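Asks: Once you've had a glance at the structure underneath, I'll fire off some questions.
Numbering (this note's numbering), first residue to last: -4 to 429.
Here it is as structure tokens:
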């Protein structure tokens, strides 16, 4: 067994099986013949804290076919390795990295952390390199077509360039494809999958996963659990192959017009563009962005949240809810009001209204805002208060809010209910929620 000093040492093995221990300094370690091991298991910094390492495998032509790569030890130095067959990192750090991003063109890696096996393929002038690598947690691939498999830990796996195949295995993993057409799997655990550029395939499998295809036309299947999908391309496909009972409650965040597919529950439009969002037969929650959205619930008991902007809201079949979080959410049109629909107002955005079904002394109706406010003022024994107002407007009904029925302060039109009269909506159809 050979141990370097804190200085820059040269350690050379024999033709037998040699064991080396990594230490401080910029060292050169040459195992020579035999199966040679190098351990950083007890490497600590000046404060006696476990020191993580980054192993950079050889990825370009070298003057020596026995060159294995370098190990960066943070502030403790960098080691150059020759004829080493096994590298063990300090398991206590949980952030040891294998970084093959500097590999030459045409080089790729095949690595499985679960079985501690690393193969570096097609090194110019050298060929292939095989190593055992223990206690490594994270991997950065080459610009080639890599195969990367994690282990039971929470791995960070980045394919880099190329068309990569990456699997997180168990643990709560972060899997990034980078450039190229990649195939990513989370397997067990709550994983985060990012396709990057290219037309990628993302499968979350088990757990509550986050799937973001990135640029390109991507295929995403979260599997079971409550999954989140990010869509930005008309060619993106989101599929839930599990039925609703196994698939959990799944949410799509889209920066383009989007219609929810089978077994998807919720849709949120992102950005500021004027977008359309459409539900399916499930009980959907559909949320707009700050643009002028067209939101349609479809069948099911849906909740529509227009958000800021002048939105057009259609609940569709079922008992639907229209939720307003703030005064800035007003100015909408509700196209299909029915007696089973409800309007919910978030208490934090509508001061002066108590939780629950709207109280009779905070509601007024009339043929104008002034008349409706006067009715609400009378209902509250002449004491000014916040109120919701129902106003006839031709063949429609307008729903207003005021924070003061006397001065009409904070007066805001929340929605116009088309083809509706005051006989079809009343205080029992409005609730204040936390």
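By construction, the Cβ of each residue, glycine as well, lies at the ideal position given by its N, Cα and C atoms. Predicted, not measured: the structure shown is a model, and the values here were computed from it.
1. Buried or exposed: which applies to residue 247, given that a residue is buried once 16 or more other Cβ atoms fall within 10 Å of its Cβ?
2. Does the segment 356 to 371 come into contact with the segment 305 to 315, if we say contact requires no fewer than three beta-carbon pairs (one atom in each stretch) closer than 8 Å?
3. If you compare alpha carbons, which of 35, 15 and 144 is closest to residue 106?
4. Please report the straight-line C-alpha distance between residue 117 and residue 58, rounded to a whole angstrom.
5. In terms of residue numbering, what span does the beta strand (DSSP E) encompassing residue 197 cover?
6. With DSSP as the reference, please indicate the residues paired to residue 119 in a beta bridge.
7. Taking all protein chains shown into account, decide if residue 52 is buried (16 or more other Cβ within 10 angstroms of its Cβ) or exposed.
8. Compare the Cα-Cα distances from residue 127 to each of 81, 114 and 139 and report the closest residue.
9. Is it the case that the Cβ atoms of residue 35 and residue 17 are separated by a distance below 8 Å?
10. Since residue 377 sits in a beta bridge, which residues does DSSP pair it with?
11. How long is the line joining the alpha carbons of residue 347 and residue 146, rounded to whole angstroms?
12. By alpha-carbon positions, which one of 231, 293 and 286 ends up nearest to residue 431?
13. For residue 430, does the three-state DSSP call read helix, strand or coil?
14. Which residues in the same chain as residue 176 place their Cβ atom closer than 7 Å to its Cβ, once the five residues preceding and following it in sequence are excluded?
15. Looking at residue 290 and residue 308, is the spacing between their C-beta atoms short of 8 Å?
16. Buried or exposed for residue 28, please, with buried defined as at least 16 other CB atoms from any protein chain shown within 10 angstroms of its CB.
17. With distances taken between CB atoms, is the gap from residue 69 to residue 21 smaller than 8 Å?
18. Which runs of the beta strand (DSSP E) spanning at least 3 residues fall entirely within the segment 82 to 129, listed in chain order?
19. What residue range does the beta strand (DSSP E) around residue 391 cover?
20. Hey, out of 303, 295 and 148, whose CA is closest to residue 322's CA?
21. Can you tell me the Cα-Cα spacing of residue 446 and residue 114, whole angstroms?
22. Whole beta strand (DSSP E) runs in the segment 284 to 339 with 3 or more residues, listed along the chain?
23. Which ranges does the alpha helix (DSSP H) cover as unbroken runs of at least 4 residues, wholly within the segment 208 to 245, from first to last along the chain?
24. Quick check on the burial criterion: 16 or more other C-beta atoms within 10 angstroms. Buried or exposed for residue 229?
25. Given residue 435, which residues of its chain have a CB within under 6 Å of its CB, disregarding the five upstream and five downstream residues?
26. Among residues of its own chain, excluding the 5 on either side of residue 420, which ones have a beta-carbon nearer than 7 Å to its beta-carbon?
27. Apart from the five residues on each side of it in sequence, which residues of its chain come closer than 7 Å, Cβ to Cβ, to residue 416?
28. Would the beta-carbon of residue 97 fall within 8 Å of that of residue 155?
29. In its own chain, which residues sit with a C-beta less than 6 Å from the C-beta of residue 207, not counting the 5 before and 5 after it?
30. According to the neighbour-count rule (16 or more other Cβ atoms, all chains shown, within 10 Å of its Cβ), is residue 396 buried or exposed?
31. Ordered along the chain, which non-local residues of its own chain (more than five positions away) have a Cβ less than 8 Å from that of residue 244?
32. Name the residue from 255, 101, 121 and 186 whose alpha carbon lies nearest to the alpha carbon of residue 234.
33. What do you reckon, are the CB atoms on residue 169 and residue 183 nearer than 8 Å?
34. If you draw a straight line from the C-alpha of residue 26 to the C-alpha of residue 79, how long is it?
35. Quick one: what does DSSP say residue 58 is sitting in, helix, strand or coil?
36. Go ahead and pull the three-state DSSP assignment for residue 473.
Replies: Looking at the atomic coordinates:
1. buried
2. no
3. 144
4. 16 Å
5. 196 to 198
6. Bridge partners of residue 119: none, in fact.
7. buried
8. 81
9. yes
10. In the DSSP output, where bridge partners are listed per residue, residue 377 has none listed.
11. 55 Å
12. Residue 431 lies beyond the stretch modelled for the chain, which goes from -4 to 429, so this question has no answer here.
13. Given that the chain is displayed from residue -4 to residue 429, the structure contains no residue 430 and the question cannot be resolved.
14. 158, 193, 194 and 195
15. yes
16. exposed
17. no
18. 92 to 94, 103 to 107, 112 to 118 and 122 to 129
19. 391 to 397
20. 303
21. For the chain, the structure presents residues -4 to 429; residue 446 sits outside this window and is missing.
22. 289 to 291, 298 to 300, 307 to 309, 316 to 319 and 327 to 329
23. 239 to 242
24. exposed
25. Outside the displayed span of the chain (-4 to 429) sits residue 435, for which this structure offers no information.
26. 332, 385, 392 and 412
27. 387 and 392
28. no
29. 189 and 225
30. buried
31. 221, 260 and 261
32. 255
33. no
34. 5 Å
35. coil
36. Nothing can be reported for residue 473: it is not among the residues displayed for the chain, which extend from -4 to 429.
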